[in-house]
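Chains as they are written, first to last, in my numbering: chain A, 1253 to 1364; chain B, 783 to 892. Ideal Cβ positions, reconstructed from N, Cα and C, are used throughout, including at glycine. Here the structure is a predicted model, which means the values were calculated and not measured. Structure first, commentary second.
Below, the structure is given as structure tokens:
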């Protein structure tokens, strides 16, 4: 099992450009999450999906959109990137165990 | 004020030392308390969890939760250079998502 995979690993964007971060899990988990991690801020929840077909806003949703394409895949889209969106983005999934989330390797995004 | 507060460190200790990592929180609804370990340029991995108050031991690691004080701790005995990482506390109450601390960077010197 690959667990949680994310693409791309690195990306540099110019202000105003758009892009989609891809995430997939092969553990048959219902719940999936997108976080951003910034120095001194820890992991902050952007959006989550409790099940296929549902999405909900997290702590910092502004400037982002998500799509739960199917049970395996959950994508994060930046429509018009801003320098404040420079961060490391992590996707995670959770099964029935309430306390354990499995994280992907992260995408390092720089917006200039 | 953040819901979960964690000293960012860095914390530098010699090999073999006992390490104490701590978080405080303000939300009484939190019931699950977790510690995640994150190596440099990797995603976090679950290290330990505790449900409600009490202690839990796993090898060299001990997690403690004191709900009356809203304070959780992770102790690492006989610390090793391979323990060098960032340790994030995380908590969950009625919401579906976890609330994370900002992480403490630990460096164990050989």
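Is there a C-beta anywhere in chain B that falls below 8 Å from the one on residue i?
i                      : result
residue 1316 (chain A) : no
residue 1352 (chain A) : yes
residue 1356 (chain A) : yes
residue 1342 (chain A) : yes
residue 1279 (chain A) : no
residue 1305 (chain A) : no
residue 1295 (chain A) : yes
residue 1347 (chain A) : no
residue 1268 (chain A) : no
Please state the DSSP three-state secondary structure of residue i.
i                      : result
residue 840 (chain B)  : strand
residue 834 (chain B)  : coil
residue 1301 (chain A) : strand
residue 1339 (chain A) : strand
residue 822 (chain B)  : coil
residue 860 (chain B)  : coil
residue 1278 (chain A) : coil
residue 789 (chain B)  : coil
Would you say residue i lies against chain A (beta-carbon separation less than 8 Å)?
i                     : result
residue 828 (chain B) : yes
residue 875 (chain B) : no
residue 879 (chain B) : yes
residue 808 (chain B) : no
residue 870 (chain B) : yes
residue 836 (chain B) : no
residue 843 (chain B) : no
Suppose you measure from the CA of residue i to the CA of residue j; what does that come to, to the nearest Å?
i                      : j                      : result
residue 851 (chain B)  : residue 1259 (chain A) : 42 Å
residue 1262 (chain A) : residue 1333 (chain A) : 15 Å
residue 1265 (chain A) : residue 1340 (chain A) : 14 Å
residue 1289 (chain A) : residue 1317 (chain A) : 17 Å
residue 787 (chain B)  : residue 861 (chain B)  : 24 Å
residue 1273 (chain A) : residue 849 (chain B)  : 38 Å
residue 789 (chain B)  : residue 1268 (chain A) : 35 Å
residue 1356 (chain A) : residue 884 (chain B)  : 18 Å
residue 1337 (chain A) : residue 814 (chain B)  : 30 Å
residue 1291 (chain A) : residue 1299 (chain A) : 20 Å
residue 1351 (chain A) : residue 871 (chain B)  : 12 Å
residue 800 (chain B)  : residue 858 (chain B)  : 6 Å
residue 804 (chain B)  : residue 817 (chain B)  : 10 Å
residue 1303 (chain A) : residue 1344 (chain A) : 13 Å
Is the closest heavy atom of the ligand COA to the C-beta of residue i under 7 Å?
i                      : result
residue 1254 (chain A) : Within the structure as shown, the ligand COA is missing, as the structure has no ligands at all.
For this session: Compile a chain-ordered list of the residues in the stretch 851-867 of chain B whose CB is closer than 8 Å to at least one CB of chain A.
Result: none
Problem set entry | contact_flag[the stretch 1315-1335 of chain A, the stretch 793-813 of chain B] where n(CB pairs < 8 Å) is 3 or more | no
For this session: Report yes or no: do three or more beta-carbon pairs, one from the stretch 815-832 of chain B and one from the stretch 783-800 of chain B, lie closer than 8 Å?
Result: Two segments are said to touch when three or more pairs of C-beta atoms, one from each, lie closer than 8 Å; by this definition the stretch 815-832 of chain B does not touch the stretch 783-800 of chain B.
Exercise. Are the stretch 1269-1280 of chain A and the stretch 853-867 of chain B in contact at 8 Å, needing three or more beta carbon pairs?
Worked result: no
Problem set entry | Residues of the stretch 810-824 of chain B with Cβ closer than 7 Å to any Cβ of chain A, in chain order | If the cut-off is 7 Å between Cβ atoms, the stretch 810-824 of chain B has 814, 816, 824 near chain A.
For this session: Give, in chain order, every residue of the stretch 789-802 of chain B whose Cβ lies closer than 9 Å to some Cβ of chain A.
Result: 790
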